[in-house]
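S.K.: Mind looking over this structure? Questions follow.
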Amino acid sequence: MNLPIPIDAPLGMIEPLLIVCGVAIFLLMLDLVLPHGKKHVSGYVAFAGLLWALWRTLAQWGMSERGYAGMVALDNLSTLFNVLFLSTTAVVVLMSRPFLEEENVEQPEYYSLLLFATSGMMMLASGLDLITLFLGIEVLSVSLYILAGYRRNSDASNEAAMKYFLLGAFASGILLYGIALVYGATGTTNLDRIGDAIAGTGGPVPEGLFYAGMAMILVGLCFKVAAVPFHMWTPDVYQGAPTPVTAFFSAGPKAAAFAAFIRTFFIAFGPAQAEWDMVLSVIAVLTMVVGNVAAIAQTNVKRMLAYSSIAHSGYVLVGLVSGGVIGGTGAVFYLMAYVAMNLGAFAIVILLEAKSGRGEELKDYAGLGFKYPLIGILLSIFMISLSGIPPTAGFIGKLYLFGGAVQSGHVWLAVIGVLASATSVFYYLRLLVLMYMREPQESFPPVKIPLALALALLVASVGTLWPGLFPSTWFSAAQESVRSLFS
Amino acid sequence: MTPGPTVMGIPVLSLVTFLPLVGALFLLLIPAAKTGVIRGFTFLVTVLTFLASLPLFTAFKFGQRGMQFVEKVPWVPNLGIEYHMGVDGVSVLLILMTTLITAVAVLSSFAAITDRVKTYMALLLVLETGMVGVFAALDLVLFYMFWEVVLIPMYLLIGVWGGPRRIYAAVKFILYTVAGSLLMLVGILYLYFAHHAAFGEYTFDLLKLYDTPLGRTPQLWLFAAFALAFAIKVPMFPFHTWLPDAHVEAPTAGSVILAGVLLKMGTYGFFRFAMPLFPEGAIAFAPLLIALSVIGIIYGALVAMVQSDVKKLVAYSSVSHLGFVMLGLFALNAQGIQGSVLQMVNHGLSTGALFLAVGIIYERRHTREISEFGGISEIMPWFAAVFLVVVLSSLGLPGLNGFIGEFLILLGAFRMNTWVAGISATGVILGAVYLLWMFQRVMFGPVTNEKNRGLPDLTRREFWVMAPVILFIVWIGVYPNTFLRFLDVPATELIERMSSRTVAERTAEPEMYGGDEPGDAQGMEEGDGTMPADTAGTMLGRGMVEGETGAQADSAGVETIAPNPPAGSPGRVTP
Numbered sequence: 049m050n051l052p053i054p055i056d057a058p059l060g061m062i063e064p065l066l067i068v069c070g071v072a073i074f075l076l077m078l079d080l081v082l083p084h085g086k087k088h089v090s091g092y093v094a095f096a097g098l099l100w101a102l103w104r105t106l107a108q109w110g111m112s113e114r115g116y117a118g119m120v121a122l123d124n125l126s127t128l129f130n131v132l133f134l135s136t137t138a139v140v141v142l143m144s145r146p147f148l149e150e151e152n153v154e155q156p157e158y159y160s161l162l163l164f165a166t167s168g169m170m171m172l173a174s175g176l177d178l179i180t181l182f183l184g185i186e187v188l189s190v191s192l193y194i195l196a197g198y199r200r201n202s203d204a205s206n207e208a209a210m211k212y213f214l215l216g217a218f219a220s221g222i223l224l225y226g227i228a229l230v231y232g233a234t235g236t237t238n239l240d241r242i243g244d245a246i247a248g249t250g251g252p253v254p255e256g257l258f259y260a261g262m263a264m265i266l267v268g269l270c271f272k273v274a275a276v277p278f279h280m281w282t283p284d285v286y287q288g289a290p291t292p293v294t295a296f297f298s299a300g301p302k303a304a305a306f307a308a309f310i311r312t313f314f315i316a317f318g319p320a321q322a323e324w325d326m327v328l329s330v331i332a333v334l335t336m337v338v339g340n341v342a343a344i345a346q347t348n349v350k351r352m353l354a355y356s357s358i359a360h361s362g363y364v365l366v367g368l369v370s371g372g373v374i375g376g377t378g379a380v381f382y383l384m385a386y387v388a389m390n391l392g393a394f395a396i397v398i399l400l401e402a403k404s405g406r407g408e409e410l411k412d413y414a415g416l417g418f419k420y421p422l423i424g425i426l427l428s429i430f431m432i433s434l435s436g437i438p439p440t441a442g443f444i445g446k447l448y449l450f451g452g453a454v455q456s457g458h459v460w461l462a463v464i465g466v467l468a469s470a471t472s473v474f475y476y477l478r479l480l481v482l483m484y485m486r487e488p489q490e491s492f493p494p495v496k497i498p499l500a501l502a503l504a505l506l507v508a509s510v511g512t513l514w515p516g517l518f519p520s521t522w523f524s525a526a527q528e529s530v531r532s533l534f535s
Numbered sequence: 023m024t025p026g027p028t029v030m031g032i033p034v035l036s037l038v039t040f041l042p043l044v045g046a047l048f049l050l051l052i053p054a055a056k057t058g059v060i061r062g063f064t065f066l067v068t069v070l071t072f073l074a075s076l077p078l079f080t081a082f083k084f085g086q087r088g089m090q091f092v093e094k095v096p097w098v099p100n101l102g103i104e105y106h107m108g109v110d111g112v113s114v115l116l117i118l119m120t121t122l123i124t125a126v127a128v129l130s131s132f133a134a135i136t137d138r139v140k141t142y143m144a145l146l147l148v149l150e151t152g153m154v155g156v157f158a159a160l161d162l163v164l165f166y167m168f169w170e171v172v173l174i175p176m177y178l179l180i181g182v183w184g185g186p187r188r189i190y191a192a193v194k195f196i197l198y199t200v201a202g203s204l205l206m207l208v209g210i211l212y213l214y215f216a217h218h219a220a221f222g223e224y225t226f227d228l229l230k231l232y233d234t235p236l237g238r239t240p241q242l243w244l245f246a247a248f249a250l251a252f253a254i255k256v257p258m259f260p261f262h263t264w265l266p267d268a269h270v271e272a273p274t275a276g277s278v279i280l281a282g283v284l285l286k287m288g289t290y291g292f293f294r295f296a297m298p299l300f301p302e303g304a305i306a307f308a309p310l311l312i313a314l315s316v317i318g319i320i321y322g323a324l325v326a327m328v329q330s331d332v333k334k335l336v337a338y339s340s341v342s343h344l345g346f347v348m349l350g351l352f353a354l355n356a357q358g359i360q361g362s363v364l365q366m367v368n369h370g371l372s373t374g375a376l377f378l379a380v381g382i383i384y385e386r387r388h389t390r391e392i393s394e395f396g397g398i399s400e401i402m403p404w405f406a407a408v409f410l411v412v413v414l415s416s417l418g419l420p421g422l423n424g425f426i427g428e429f430l431i432l433l434g435a436f437r438m439n440t441w442v443a444g445i446s447a448t449g450v451i452l453g454a455v456y457l458l459w460m461f462q463r464v465m466f467g468p469v470t471n472e473k474n475r476g477l478p479d480l481t482r483r484e485f486w487v488m489a490p491v492i493l494f495i496v497w498i499g500v501y502p503n504t505f506l507r508f509l510d511v512p513a514t515e516l517i518e519r520m521s522s523r524t525v526a527e528r529t530a531e532p533e534m535y536g537g538d539e540p541g542d543a544q545g546m547e548e549g550d551g552t553m554p555a556d557t558a559g560t561m562l563g564r565g566m567v568e569g570e571t572g573a574q575a576d577s578a579g580v581e582t583i584a585p586n587p588p589a590g591s592p593g594r595v596t597p
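Protein sequence lines correspond, in order, to chains W and V. The numbering used here applies: residue 49 is where the first sequence begins, and numbers increase by one. The numbering used here applies: residue 23 is where the second sequence begins, and numbers increase by one.
This is the structure we're talking about:
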C-alpha cells in the first residue's frame, strides 16, 4: 500500500516550520493583491507570522520526538535554536523597514525570502540526517543569494550576491561530495548510525574514504560559519549586501550552521574526535587570530563587523573543540549572546544609515556619543559586550566557552582565545574613542529612532545585558539543549 | 563570619558598593545644563557613601579571624557564582580610603571640569562602585567583574577630559590592563576546575578555593597569570609604561583616583589572591618580584628626578612608591606585609594629595613645567604650607604617614635580606631628593615669572579638598595604631595560609630557592627568614631593637608589631 505521507510524519513536531513556510508562501500571494504604496503591510504580516511560530516553538520546549524516518528531530537543541532563529528574523524584520523605505524597494518578496531562509535554518537545527542538513543549507543559501543582491541598482550588492553565490555553490558541492563519501564509507546518512558505524559496532569502516568525507563536510560547514581559511567571501558580502541583510547574515545563518556543526560533530563524528580535534583547534586559532587582526585594519564599520563575526566564529569553534555538555553549552550560550549583541550593533548602523545616509564609515561616528547620548550608550553596550567585558552577555559567554576549553585540557586554546579577545578590545573600543573623544567633522542631521528600530534595539540590548547580569536561566536553557543531544 | 550591621536595613557592604551606582542613575534624571545641581548632588552621594562606609571602621571586630560583614547570596547557582562580599582589616582600610578619595576627587573637579559635567560625574560614581566592589568581592567572578567595570569609566575619563595626548593614553591604559586581566581569567577558570576535580564542587568562592590543592607546576603558571594582571595594574617595572601617560593626561580627579585607588587594586590583588592562592608560586617568584620592586624603586626615583613636568614627576614617584609596597608584600613577614598595606593607604593619601596640589596650580597657570614657577610660596603662603606637608608625607618624614609605612617595609625587607633593604633604602633618600628639589624650584627663590604674580591663594573649596587628606596624613603619622590594628590579623592569616600550604613541599625540598634565578639566588640565601613560622621569635626581638632605635613617632607602630603571635598560634591582638 502506498501512503502519500510516510507513517511517522507527525506534523505537530514541525509545526513552527510549517507556519514559517506557510506565511512565506502567503506573502508571495499577498504581493498580487496589495496595491502599490501598501506593500509595507507585508512586513506586519511577516512579523506576526514569526511571533506566531515563536509562540508555538516555545510550547515545544522539553518535548523530544523523532520522525520522518529518523531524519528530523525535535529536541531541546532544535527548539532553542528555532527560538533563536525566529527571534533573529523578527528583529531583522523590524530593522528592515527604514532601509526598504529609503531604497524604495519594499516588496513582500523580501520578507518572503527572509522567512524561507528561516525555514532553512530551522531544518538545519532539527536535521538528524546529512540529507536533511543539506536540504536546510540549500534552502537557506538560495534565499541568501537573492537577499545579498537585493539592492539591485548597487554594484556592490550585485558583486556580493555573485561572490556569495559562486563560492557558496562550491562549498555546497564540496559538502555534498563529503556526504556522498561518508555514505559510501558507513552505508548511512543518519547521524546516529554514522556515529555507531565509526564507533565500530558494525565492523570496520574504510578509513581513507571516511576521513576524506569528513574533511569535506568540515570544509563545507566552515565555509558557512566563515571560519578561516574559508572566510574570504565574508567581508565583501557583508559590506555589499543591504545592511539589514548583513545583520541577518551575521546572526541567523551563522547560528544555523553552528547548530548543524554541533549535531554533525558531536553525534556523527563524536567517536572520531581524536582525529578532528587538532584540525578544528587549528582552524579555531586561525579564525580567532585572523578575524581579530584583520578587523583592526578596517575603516568601514560593516567590514569591521564582518571580520569581528569571523573572530566570533573562532570563539564558538573553541566550544566545539572542547566538546561534551560543557563545551556545547558554552558554544550555544555564546551564540545566543553573539546574536543579540551583533544585531544590536547592526541596528545602530542601520539607524544612522537610513536617517543620515552615513554610518558605514568609522569616521562617521566621531562625536556621536555626546550628540545622541542614547545611541552612544547603546552602541557602547554592544561594543563592550562584543569585546567580552563584564557585565554583559559577551563576558559570561566567553567565561564559559574558555572554561570548557580549560576543563577539556585545551588550556592553550583558551590562552590564545583571551589574547585574541584582548586584541579585539582595540577595535571595538575604537568606536567609543570616536564617539566620545573626537569632535564631529560635520554636523549631524537630527536622528529620530523609528518605533520598529527602537523595539529591535530594546530586544538586542535586553538580550545583551540580561544574560550578562543574570545568566542562570539562559545558561540552564543552553545546558538543557545540549543535554538533549546526548540523551 | 556573622553578618555585620546594616544601615536602613541594607547590609553595609552592598550599600557602600552600590550607593554610588544608584546615585549615577539618579544623576541621569537631572538636566545636563544644571551643572551646579549635578556637582552638588554627586558630592552629596560621595559624602553619603563615605559616611555609609564608616560602620565598617567603627563596628569592626578586632582579633576576629576571617571575613566580616559577610553577604552571601547565590547568583548563578548552576555555575557556582555567588554574590559573596566580605572584608577583613585590609579591605576596610582600602574601602575607607576609596570612599574618602572619591569624595575629595569630586570636590576637586568642581572648577576644573566645565564640559560635559553630567557624564563626568556619572562616570566617577560608576568608578567608585567598581573600586569598592573590587576590595569587597570574595567570589572570583564577582571580583573579575568589578575589576573590569572599573576600566570603562577610567578609559572615558582619561580619553574625554584628559590632556592633549589623552586618546593615546586611554587606549594604552585599557589595552595593557585588559591583556593582563584576560590571562588571569584563564587562571581563574583553571583553578575553578582544579577545585572541582579535588572536591567535586563547582565554586568561585575565594575562601573555598584557598584550600584547593595544586601541584607546584600549576601553581607557578597560575601565579604567573595572576601576577601579570596585578603587576600591570600596580604597575611594576617593566610594565609601568602606561602609568606616566595615563597619569599625566588624565584630569586631576582621574589622576587622584588612578594613583590613589586603582593602583592599589594591583597590590591588593597580590595580597588577597595571587599570594594566598598559590603560595608555592609566590615563593618561587618572590626573588624575581623583589628584584623588580627594587629596580622599580630606584628607577622610578631616578626618572622622577629628571622630569621637568610636576605631574610626570609625581607619576614616576608612584612607580617608586609602589615598588616599596611590593617589596613589603614579598618580604613575606608580618612587618613587611603590615607596612605594605599601610603604605598602600599612605600612597593613596599622599600621592592623591600631590596630584590635587598639582591640579590647583595647573588650574591657575595651565602649565605644569617646573621652570615656569619659582617663589610661589610668597604668593600663595597657604598653598605652600599644605603642599609642604604633602611633599614631606610623600618622602617619609617621621611624624607623617609615609614614614610609618616605609619604615615597616624596610624593617621587613631587612629581616629578609640586608642587601635588599639597603638598596631600597636609597630609594627613600632619592625620594627626598626629587621631591624637595622640585618643591624648592617651584615654591622658593625669587619670583622670576611675572605671570605668577597675583595668583590667588587657596580658595575655601580647595582648602576643604586638602583638609581631610592632611588630617589623615597626620593621624597615621602620629598615631598609626588606629589603622595598624586592622592589619594584625590579616597579615598573620596570609602568612599562615602561605606557610601551611607550603610546609609539605618545604620538608621535601630543603633547597627551596635552589638558584632558579641566578641573579637573585644570592638574595634568597636567607630563604627561611622569609617564612616567619619558624623564626618569628627571634625576629620579634630584632623588630623591637629596630623599633627602639627608630624615631619616637613610630613607637605605636612597633607596639602593634611586637605582640604579633608567631604564625601557627591563634591570632591574638593587643588593643
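Glycine included, every Cβ here is placed at the ideal spot set by N, Cα and C. Note that the structure is a prediction, hence the values are computed from the model and not measured.
(1) Just to confirm the assignment, what range does the alpha helix (DSSP H) spanning V413 (chain V) have?
(2) Out of W:S202, W:L162, W:R406, W:R200, which one is the CA nearest neighbour of V187 (chain W)?
(3) Buried or exposed: which applies to W460 (chain W), given that a residue is buried once 16 or more other Cβ atoms fall within 10 Å of its Cβ?
(4) Buried or exposed for L214 (chain W), please, with buried defined as at least 16 other CB atoms from any protein chain shown within 10 angstroms of its CB.
(5) I'd like to know whether the C-beta of V270 (chain V) is nearer than 8 Å to at least one C-beta of chain W.
(6) Using a beta-carbon distance cut-off of less than 9 Å, what residues from the stretch 467 to 480 of chain W approach chain V?
(7) Taking 8 Å as the limit between beta carbons, can you name the residues of its chain near R478 (chain W), skipping five residues before and five after?
(8) Work out the CA separation of I320 (chain V) and G185 (chain V) for me, nearest whole Å.
(9) Around the C-beta of G221 (chain W), are 16 or more other C-beta atoms found within 10 angstroms, so that it is buried, or is it exposed?
(10) Please classify P83 (chain W) as buried or exposed, where buried requires at least 16 neighbouring CB atoms within 10 angstroms.
(11) Any idea if E103 (chain W) is buried or exposed, counting beta-carbon neighbours within 10 angstroms, 16 or more meaning buried?
(12) Please state if the CB of T121 (chain V) and the CB of T64 (chain V) are separated by a distance shorter than 8 Å.
(13) Is the shortest distance between the beta-carbon of Y190 (chain V) and the beta-carbons of chain W less than 8 Å?
(14) Write down the C-beta distance between S339 (chain V) and G322 (chain V) rounded to the nearest angstrom, noting that I regard them as a contact closer than 8 Å.
(15) Assuming G374 (chain V) and G282 (chain V) make a contact with CB atoms under 8 Å, what is their CB distance in whole Å?
(16) Determine, using beta carbons only, whether R507 (chain V) comes closer than 8 Å to chain W.
(17) Assuming K94 (chain V) is part of the beta strand (DSSP E), what are its boundary residues?
(18) Can you confirm whether P99 (chain V), when its beta carbon is compared against all beta carbons of chain W, has any partner nearer than 8 Å?
(19) Let me check understanding here. Comparing Cα to Cα, which of W:L334, W:A345, W:V230 lies closest to P254 (chain W)?
(20) On a CA-only basis, which of V:G418, V:R390, V:I60, V:V278 is nearest G370 (chain V)? Give me that one, please.
(21) At a CB distance below 8 Å, what residues from the stretch 269 to 290 of chain W approach chain V? Give them in sequence order.
(22) Put P254 (chain W) into one of helix, strand or coil per three-state DSSP.
(23) Here's the rule: buried if 16 or more other CB atoms are within 10 angstroms of the residue's CB, otherwise exposed. What is L434 (chain W)?
(24) Step through the CB atoms of chain V and report whether any lies within less than 8 Å of the CB of P438 (chain W).
(25) Contact criterion: CB-CB distance below 8 Å. Does E547 (chain V) meet it with respect to chain W?
(26) Between the Cα of E207 (chain W) and the Cα atoms of W:G436, W:V285, W:D79, which residue gives the shortest distance?
(27) Let me confirm a value: K140 (chain V) is counted as buried when at least 16 other C-beta atoms fall within 10 Å, else exposed. Which label applies?
(28) Does the beta-carbon of E528 (chain W) have 16 or more other beta-carbons within 10 angstroms, so that it is buried, or is it exposed?
(29) Taking its Cβ as the centre, do 16 or more other Cβ atoms sit within 10 Å of T289 (chain V), making it buried, or is it exposed?
(30) Taking 8 Å as the threshold (C-beta atoms), are W169 (chain V) and V156 (chain V) in contact?
(31) Select from V:L76, V:S130, V:L35 the residue whose C-alpha is nearest the C-alpha of M488 (chain V).
(32) Would L116 (chain V) pass as a contact of M520 (chain V) if the rule is Cβ separation under 8 Å?
(33) Would M431 (chain W) count as contacting chain V if we go by Cβ distances under 8 Å?
M.R.: Working from what's here:
(1) 403 to 417
(2) W:L162
(3) Classification of W460 (chain W): exposed, given that the 10 Å Cβ count is below 16.
(4) Using a 10 angstroms sphere on the CB of L214 (chain W), the tally of other CB atoms stays under 16, which defines it as exposed.
(5) no
(6) L467, S469, A470, T471, V473, F474, L477, R478, L480
(7) Answer for R478 (chain W): L410, listed in chain order.
(8) I320 (chain V) has its alpha-carbon roughly 28 Å from the corresponding atom of G185 (chain V).
(9) exposed
(10) exposed
(11) Correcting the residue type first, residue 103 (chain W) is Trp in the shown sequence and not Glu. Under this definition W103 (chain W) is an exposed residue.
(12) no
(13) no
(14) 7 Å
(15) 4 Å
(16) no
(17) 90 to 98
(18) yes
(19) W:V230
(20) V:V278
(21) none
(22) coil
(23) buried
(24) yes
(25) Model confidence at E547 (chain V) stands at a pLDDT of 38, short of 50, so the residue's coordinates are unreliable; what they give is reported in the following sentence. E547 (chain V) does not count as touching chain W.
(26) W:V285
(27) buried
(28) Buried, because 16 or more other Cβ atoms sit within 10 Å of the Cβ of E528 (chain W).
(29) buried
(30) yes
(31) It is V:S130.
(32) Contact: no.
(33) no
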